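In what follows, a single structure is set out as structure tokens and then discussed.
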Amino acid sequence: MERKELLFGTAYYPEYMPWDRIDEDFDMMEKAGMNVVRIAESTWSTLEKEDGVFDFSYIDKVLKKAEETGMKVIIGTPTYAVPSWLVKKDPDIMVTTKEGKAAYGHRQIFDILNPTYLHYGERVIRRLLEHTAFHPSVIGFQIDNETKHYGNDGEEMQRLFREHLQEKYKDTDTFNRTFYLSYWSNSIHSWDDLPDMRGCVNGGLVGEYEAFKRTVAARFLAWQADLVREYKREDQFITHNLDFEWKKFGADIAQDGYSYGVQPDLNHQEASRCLDIAGTDIYHPTQDDLTGAEIAFGGDSIRSLQDKNYLVLECQAQAFKYWTPYPGQLRLHAYSHLASGAAGEMYWNWHSIHNGYETYWRGLLSHDLQSNPTYREACVIGREWKEHAEELAGFTKKNRIALLVDNRSLTALKWFPIDRDLSYNDVVRWMYDSLYEMNLECDVVDVHALKEDRYDMIVTPALYCAGEDLIRRLDAFVKRGGVLVSSFRSFVSDEQASVYPDAQPHGLTDCFGMTYNQFTEPGRAMIKGEKIQYFMELMKPESAGREAGYEHPYWGEYAGITRNAYGNGAAWYVGCFTEKELLKEVYQKAAKDAKIPLPAYTWPVTIRSGRTKEGADLHYVLHYSQEERDITCPWDLAEDVLTGKSYRRDDRIHLKDWDVLILREK
Amino acid sequence: MERKELLFGTAYYPEYMPWDRIDEDFDMMEKAGMNVVRIAESTWSTLEKEDGVFDFSYIDKVLKKAEETGMKVIIGTPTYAVPSWLVKKDPDIMVTTKEGKAAYGHRQIFDILNPTYLHYGERVIRRLLEHTAFHPSVIGFQIDNETKHYGNDGEEMQRLFREHLQEKYKDTDTFNRTFYLSYWSNSIHSWDDLPDMRGCVNGGLVGEYEAFKRTVAARFLAWQADLVREYKREDQFITHNLDFEWKKFGADIAQDGYSYGVQPDLNHQEASRCLDIAGTDIYHPTQDDLTGAEIAFGGDSIRSLQDKNYLVLECQAQAFKYWTPYPGQLRLHAYSHLASGAAGEMYWNWHSIHNGYETYWRGLLSHDLQSNPTYREACVIGREWKEHAEELAGFTKKNRIALLVDNRSLTALKWFPIDRDLSYNDVVRWMYDSLYEMNLECDVVDVHALKEDRYDMIVTPALYCAGEDLIRRLDAFVKRGGVLVSSFRSFVSDEQASVYPDAQPHGLTDCFGMTYNQFTEPGRAMIKGEKIQYFMELMKPESAGREAGYEHPYWGEYAGITRNAYGNGAAWYVGCFTEKELLKEVYQKAAKDAKIPLPAYTWPVTIRSGRTKEGADLHYVLHYSQEERDITCPWDLAEDVLTGKSYRRDDRIHLKDWDVLILREK
Amino acid sequence: MERKELLFGTAYYPEYMPWDRIDEDFDMMEKAGMNVVRIAESTWSTLEKEDGVFDFSYIDKVLKKAEETGMKVIIGTPTYAVPSWLVKKDPDIMVTTKEGKAAYGHRQIFDILNPTYLHYGERVIRRLLEHTAFHPSVIGFQIDNETKHYGNDGEEMQRLFREHLQEKYKDTDTFNRTFYLSYWSNSIHSWDDLPDMRGCVNGGLVGEYEAFKRTVAARFLAWQADLVREYKREDQFITHNLDFEWKKFGADIAQDGYSYGVQPDLNHQEASRCLDIAGTDIYHPTQDDLTGAEIAFGGDSIRSLQDKNYLVLECQAQAFKYWTPYPGQLRLHAYSHLASGAAGEMYWNWHSIHNGYETYWRGLLSHDLQSNPTYREACVIGREWKEHAEELAGFTKKNRIALLVDNRSLTALKWFPIDRDLSYNDVVRWMYDSLYEMNLECDVVDVHALKEDRYDMIVTPALYCAGEDLIRRLDAFVKRGGVLVSSFRSFVSDEQASVYPDAQPHGLTDCFGMTYNQFTEPGRAMIKGEKIQYFMELMKPESAGREAGYEHPYWGEYAGITRNAYGNGAAWYVGCFTEKELLKEVYQKAAKDAKIPLPAYTWPVTIRSGRTKEGADLHYVLHYSQEERDITCPWDLAEDVLTGKSYRRDDRIHLKDWDVLILREK
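Residue numbers (UniProt numbering), protein chains in the order written: chain A, 1 to 666; chain B, 1 to 666; chain C, 1 to 666.
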């Protein structure tokens, strides 16, 4: 990718079209200012109609047209949906989960360890690469699609897991002790006695198993990346569309859910190692529910994997009926992605499909394949991006706050829930969104990739599983002057989800200056006059200050929020789930501790800042509201990249509904 | 059936009785004025205790008694519940569904394609017919019971479906194109590669499969009818109790649900071809929730199949605890059936069963088998029907409005839902019930049996799947002067549920004088000051008038209801789910367009009209309310058939709670 | 057990500890005044690490320590959780239920009829007994753990059930008639044709099957008891922890539910025959929801099995987050158990487990294994119990009221529900709790163990299945002067759930002086101005007085509550589900009929009375409230056992929040 342009495009499926209309499509794309299409993923049955009989004509047609029109192309490997002939050949290709063998029909339900699947997958990838890698329009490759382990509990998965356990724990005694398996007679004394994991009810061991399955999925991606690397040119990249835990909101079949939090079935950090550039798929509520939080969370997560620009390989155009964008919103989405550090965005997808599972996951074009208001707004984006690519491409960020996320804690809190209605990702989003709404920008960092020296403040939402090493480093971080803000259920167990058998928060009682050994459902308890929900730890401050106490006839003696000056730094602990406003008060003081200035505005006026590749300070001002409003310019002198209009400090800046300004400081 | 009497009777199961009390039962039936019993269905294990050993004694006893007392008998074939010895002989008889092989115990869970089942079924039917067909008391036969395909996904079903596809689509390319199967690599290039339909996620192909399964069920009925026809006399009829989609209301096990809408698992039109007289089972809420809508909808549906009188083979006596009838309600039910064109009604069932699945689906007699208030009300009905049979039998209707229903649209909208909480049948009932409450009577017509020339107004609720031919005919219907009233989600796709890739509503943009290519969840949107629910299409009127527009900050430019004068007729389109009152305003104007006069009263004063066999205009006045009220006579001179009382125009007519009058115009 | 002390202790799992801390644990137990631990159950995989290789070291260590410190030990047999090597050896050990073969991992999912399981179970029990029975510290044995049939639908279970049916009903005709199996062709004419019970939908036959499965579970316990009896000393007892239907309250995974009502999967009466002393596990809401009702219901049930003191083998310490006890509550729990006749109580468990399914079923110690407020409150209990054991041990009760419970009615009302939201146990608890709140103490008696001569008043909640013999005895009981209080849905069917085909309530229409043959959902109906819920029978009083009638436009002629003077006694019938206050009015009058005096106070001031082993009247005053209050002494002279303080009649007694007094009358 050249850093002097922004990628703007779409997933394109000419093979799903009712007739050949490639010329018309490319004309319309050109009018929309698009410069890239992603093709070929999910079309194995078109590519290889019969065992060994390949048909590249539908790909060739796009490549030819692309070359003629200067369109860039990303080629997707087609392995996430297999042709039925392959399953007829070897039904074992289908994944075996707790529910048994999957039935053919859906995508992403294969056993990614199955040799037949891997054999045929390798062949089709090699043939596709041979056929396309040389092509000048092809700028990169997406390997597979939103890859996960698909709940794989097959024999091979379990065999490999047993090997993994043997290698890691050596003897069964250590293994039993690590997971406390004598409970309910689950201890084993020969590795052969390891039972089928499908019946396992030891949350810690299931957590280990889930972590292993994530590793298997990451290895599968690495295997594909290695294959592609044999063929690709130096100037071509390998990417993958990492996605997020999908939150259902109770709608229908395929038309339900959005990108919510940490992905349970793939570790992004692990998976991204084989990628040249991280990619992502981000879907989110819109209309009255558009907040920008999902775009920001997803972007902060994916950018932090490699600390550089990333690709939004899929984002919504019209999608579900709930998300038909209001005028201005499609443009606001687009700039929100850039504001998080995206190198561009591609719609899923170009056209609305006329039959099949995702008929109402609507594309930029409606089923009539003609222009429509959403398409016309895309044309505005395309025009602006073309005009301002030079200034906007290569935007970089350097955040002073890290929010730590951890797949193992996510799994652990499924087995040891805080509350039925409060998942790990709910806590993550509670802590992330509160920062986001204050315009306190952060990196979202995998707990195993933390470089704590880069940050002034570290936030840990429900970091249940925390290894001794991490705990030591966090303690040292605060001592050296860092600010730590932790929520309830942090530092409870080791990485195997075995609760530390000593004072909580384990290893950090000095750092936090408090401890607790009881907790409770809040019931009637309040804090600072506000209802507490889901959980509260009964904290006894020692050196810490009691920032807020519980209001309750019996729990009044305990603290709910504490702050401890420790070494050169400060450690905050929020022992209960509060209204966001209370958490923001904590952040406000913690930011002061960390000497991080508070931005002038708060959501719905969102400010996302960074630096242009020329080194100028650039501020995206994103207005997530239907209500027009005026703000005053908080910078000495800043020019709106889009309009060229300049503002001096305290000048009135008018924000229309769903407005975007990009202010470059002078 | 002789057209000079009304059938009044009950399903009768002497074999379920704790002791032989046939004399007492027939005495009580006679006191209730009953003239027909339905027997023998569901008693295969009594009829054929062991393979080939038949026992007709329990049937003989009823026939003998019937002959003595002049009771008519309908014989049911017993195939919907098989004896366990047959399943021991061949366990494959049980149906295979998505959930696997069914377990013996319940009824209606057999593989209606299984050769063993068909072999033994044929034998028992032949033996039963040989034994009963000659009997003078036997007036007809009910084949099987509420027959459906029972979710059959067995091998034979799938093999036949593949044959059906091959025959219909010839080559796999056409097949792939028709259903857009290249999506997610589902295209096939050899018929052998057609995967097990149980995993299929292509809504269109599943729709085709469901349609095929409905055909298999209809063929099964035709097979039984052919068998019966070999034995029956000229004067005996073949019928079947067609039932409706069952709507659960969240109660318990067997005591939950009522007849709601179009049957998903059998096409009534297709099934009724083999019947001499259509029959039906109708169950409905009562007590405070008695509206008459289900009786009317069911009756209008079944009557329209053959455009003649039909049999209510099952209707409720006491049934669930929710439905213990208030005084007067059982009688109101009975006349409501007649008012729709029923030739009579039979209770399910005579007595409350003392153990088994339907112990609390109570009959006319409670478990004590003695008289009770509900039984005593049946005696009133019987007396009246005997007295007035001559005038009431042979009642015919000629409605000017047709409401079109379609099984394929029903299936399609399961896969491509309008909303989680709005099913196809919800839209059907919204449009039907609004007509019903205005006393605008209609035929409920299968979309494939429409004879449009018979009607002045056609209503299409969510007619998602509409073939080109139908669309052309509806266009011509309006041009010629007809009035079309269509809801949102009509004319979206072809019969394979593939969305038409051009302007919506497909083929009818001229007729409706508008088009749309976007739609949305309504959110805050209102129409005429009322909240919109579930769905709204963003309509751009061209020649059409904007009858109502959306009230919303961003969707205000779009129309919500349009009317287009087209040729000699008019086409109305309701683009969103509104309160019923708004829909009724549309009907009011559309009826005026169609020159259909509006009845003088609206629900809860229901008027259902037709003609006696002597040609007099007859009006059932059915009062669905606890509140007494007066109305004025809207006819010049009319006499109440039941009381002989005459009313002149504008005379006060007093309606008691749950009252019935039958006014014959003079 | 010596009757001069109270057992106070805990389940103890040193093998679940992160390190060997037996010395520290025993020190802490001693400080808490504990005198008993229960060990070894659930640790088969620790005891027998490989087939035939036994390791008693972890048991020996406890026994040695116990001997040194004077701690008593109860040994649990380990059969409720098997080692994985045993399942590898014979996978058939896992139970087969409707859902198929269970997967290894969880506890209590074995086929208790499987010969391999029984063979290895016998061996490990024998070896454990050989090794421990002689030990002086061992006072008794708990066989297995919360034993049930585990939904066993395996082949052997079904084979035995068929034998049971053959033996009980002799010929298939009787069998068919008993259960009305001709319905839906379910009758059989050869025992070989009895189908797999997993598909059975005859509620009566399923009820028979469930009863049989409960018998199988009871036989399993008897088998274990016989084994233990071969080894145990005269002075050692056999017990078992009987538990109750578990009511989920919608929380998380393992942290959800409490002891609610009659156990569906084991008949306590049948099971307790093999026990020297009945034991039980009781868990209940606490904090603001602590009422004492579950402790009282559970205690009244278990005490009534053998009419003597019983062991609380498990009760909660901290348990779920919802139950972290307020100060004073743990002590109130403890005395509440004694007040029901418990011989002592043992916490589940000593420490909170660090990994596994029940990590957050917290013990007395939190995960830090140090002192905490709950532990410190246990120390208070231990101190008081030691001090007052002599006076409190051997407390006996003689109640004049019996509340009848019946497993068969429970099953029947699952198949023939009163209402989706009103289970059999809901009715039981409605009737029990109303008595409890009035301080009218009762025995909770299995319907098959009733000795009616012991009581003055008998209460039957929804006693749906009632045999002719019971009905005759109840009739005679009233005639002789007893008072019967029955709810709706009593005396409806025989024990096979076949509804009696004559006037309801069967056989007791004279006794109750009324009958009914219709019932209904209440809808708008009220009684004494209060809403009726779920169900109402339309009662026609004959000799009975109409204590309350329905308020409803159509049901007003029927009675809702009746009282009939009959012989020397009185029979009350409550025909609908009322607010508890109305039921209490009935009890008040019925108690007067039975000449049972009404206690001076009502809940939250709970008074539970009985006699000390010296014959003094002892009254536990248990204050289930956060609000302090004063009551006046209702006895002439009484001394508080705990404080020594004396009160004369009408003296003011001050009750602190969650307070306990034990007043011995002088």
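Don't be surprised by glycine CBs; every beta carbon is placed ideally from N, CA and C. Treat the numbers as computed from the prediction; the structure is a model and nothing was measured.
If we cut at 8 Å on Cβ distances, does ASN202 (chain C) have a partner in chain B?
-> Within the third sequence, residue 202 (chain C) is the residue found at index 202, counting from 1. Output row for ASN202 (chain C): interface = yes.
Reducing DSSP to helix, strand and coil, say where SER84 (chain B) ends up.
-> Taking the first residue of the second sequence as 1, we reach residue 84 (chain B) at position 84. The three-state reading of DSSP puts SER84 (chain B) in helix, counting H, G and I together.
With 16 as the cutoff for other CB atoms within 10 Å, does SER259 (chain A) come out buried or exposed?
-> Position 259 of the first sequence holds residue 259 (chain A). Buried, by the Cβ-count rule.
Would you say PRO501 (chain C) reaches chain A, if we count a Cβ-Cβ gap shorter than 8 Å as a contact?
-> Counting from one through the third sequence, the residue named residue 501 (chain C) turns up at place 501. Chain A contact via Cβ: absent.
Chain A contacts from the stretch 184-203 of chain B (Cβ-Cβ distance under 8 Å) = TRP184, SER185, ASN186, SER187, ILE188, HIS189, SER190, ASP192, ASP193, LEU194, PRO195, ASP196, ARG198, GLY199, CYS200, VAL201, ASN202, GLY203
Could you run through the stretch 521-537 of chain C and flag, in chain order, every residue whose CB is less than 8 Å away from some CB of chain B?
-> GLU521, GLY523, ARG524, PHE535
At which residue ranges does the stretch 278-349 of chain B contain complete beta strand (DSSP E) runs of 3 or more residues, listed in the order of the chain?
-> 279-282, 310-316, 342-348
Can you find a CB in chain C that lies within less than 8 Å of the CB of ASP475 (chain A)?
-> On the first sequence, position 475 is the one that residue 475 (chain A) refers to. For ASP475 (chain A), the answer is no, since every Cβ of chain C falls outside 8 Å of its Cβ.
Taking only beta-carbon positions, decide if TYR424 (chain A) is within less than 8 Å of chain C.
-> Mapped onto the first sequence, residue 424 (chain A) falls at position 424. No, TYR424 (chain A) does not count as interfacial toward chain C.
Under the rule that 16 or more other beta-carbon atoms within 10 Å means buried, what is TRP19 (chain A), buried or exposed?
-> Taking the first residue of the first sequence as 1, we reach residue 19 (chain A) at position 19. Its Cβ having fewer than 16 others within 10 Å, TRP19 (chain A) is exposed.
Between the stretch 397-417 of chain A and chain C, which residues of the former have CB atoms less than 8 Å from a CB of the latter, in chain order?
-> Considering only beta carbons, the part of the stretch 397-417 of chain A lying closer than 8 Å to chain C consists of TRP415, PHE416, PRO417, in chain order.
GLY460 (chain A): buried (16+ other C-beta within 10 angstroms of its C-beta) or exposed?
-> Numbered from 1 along the first sequence, position 460 holds the residue referred to as residue 460 (chain A). First, the amino acid is wrong: residue 460 (chain A) is Thr here, not Gly. When all chains shown are included, THR460 (chain A) counts as buried.
Spatial distance of PRO14 (chain C) from THR79 (chain C) (CA atoms) = Taking the first residue of the third sequence as 1, we reach residue 14 (chain C) at position 14. Taking the first residue of the third sequence as 1, we reach residue 79 (chain C) at position 79. For PRO14 (chain C) and THR79 (chain C), the distance between alpha carbons rounds to 18 Å.
Residues of the stretch 38-53 of chain B whose Cβ lies closer than 7 Å to any Cβ of chain C, in chain order | Contact annotation: in the stretch 38-53 of chain B, residues whose CB is within less than 7 Å of a CB in chain C are SER42, THR43, TRP44, SER45, THR46, LYS49, GLU50.
Give the straight-line distance between the Cα atoms of ARG629 (chain B) and ILE607 (chain B), rounded to the nearest whole angstrom.
-> Position 629 of the second sequence holds residue 629 (chain B). Position 607 of the second sequence holds residue 607 (chain B). Cα to Cα, the separation comes out at about 15 Å.
Would you list the residues sitting across from THR43 (chain C) in a DSSP beta bridge?
-> Reading the third sequence from its first residue, position 43 is the one you call residue 43 (chain C). Answer by DSSP bridge pairing: none, since THR43 (chain C) is not bridged.
When you check each C-beta in the stretch 363-397 of chain A against every C-beta of chain B, which residues fall closer than 8 Å?
-> Hits within the stretch, in order: SER366, HIS367, ASP368, LEU369, GLN370, ASN372, PRO373, THR374.
Around the C-beta of GLU547 (chain C), are 16 or more other C-beta atoms found within 10 angstroms, so that it is buried, or is it exposed?
-> Counting from 1 along the third sequence, the entry for residue 547 (chain C) is found at position 547. GLU547 (chain C) comes out buried.
Along the stretch 479-511 of chain C, what residues have a CB closer than 9 Å to any CB found in chain B?
-> VAL492, SER493, GLN496, ALA497, SER498, VAL499, TYR500, PRO501, ASP502, ALA503, GLN504
Look up PHE519 (chain C) in the DSSP assignment and say whether it is helix, strand or coil.
-> Translated into the one-based positions of the third sequence, residue 519 (chain C) becomes position 519. Correct three-state label for PHE519 (chain C): strand.
Of the residues C:SER57, C:VAL53, C:MET29, the one placed nearest ALA40 (chain C), counting alpha carbons only = In the third sequence, the residue the question calls residue 40 (chain C) occupies position 40. The residue with the shortest Cα to Cα distance from ALA40 (chain C) is C:SER57.
Chain-ordered neighbours of ASN152 (chain B) on chain E, where CB pairs are closer than 9 Å = Absent from the structure is chain E; the protein chains it does hold are A, B and C.
Which chain C residues sit within Cβ distance under 7 Å of SER182 (chain A)?
-> Position 182 of the first sequence holds residue 182 (chain A). Within chain C, the residues near SER182 (chain A) are GLU15, TYR16, THR43, SER45, THR46.
Count the other CB atoms, across all protein chains shown, that sit within 10 Å of the CB of VAL53 (chain A); report buried if there are 16 or more and exposed otherwise.
-> Position 53 of the first sequence, counting from 1, holds the residue named residue 53 (chain A). So VAL53 (chain A) counts as exposed.
Straight-line Cα distance separating GLN588 (chain B) from THR632 (chain B) = Stepping through the second sequence from its first residue, residue 632 (chain B) is reached at position 632. Stepping through the second sequence from its first residue, residue 588 (chain B) is reached at position 588. Distance between the alpha carbons of THR632 (chain B) and GLN588 (chain B): 21 Å.
What in chain C is Cβ-close to PRO78 (chain B), meaning under 9 Å?
-> As a position in the second sequence, residue 78 (chain B) is number 78, starting the count at 1. Residues of chain C passing the Cβ test: SER185.
Going by DSSP, name the residue or residues bridged to HIS106 (chain A).
-> Locating residue 106 (chain A) in the first sequence gives position 106, counting from the first residue. A:TYR104.
If PRO83 (chain C) sits next to SER45 (chain C), beta carbons under 8 Å apart, how far is it from one beta carbon to the other, in whole angstroms?
-> Sequence index remark: in the third sequence, residue 83 (chain C) carries index 83 (1-based). Sequence index remark: in the third sequence, residue 45 (chain C) carries index 45 (1-based). Yes, they are in contact, since the Cβ atoms of PRO83 (chain C) and SER45 (chain C) sit about 4 Å apart, within 8 Å.
Hey, how far is the Cα of HIS240 (chain C) from the Cα of ASP276 (chain C)?
-> What you label residue 240 (chain C) is simply residue 240 of the third sequence in a count that begins at 1. What you label residue 276 (chain C) is simply residue 276 of the third sequence in a count that begins at 1. Each residue's alpha carbon lies about 9 Å from the other.
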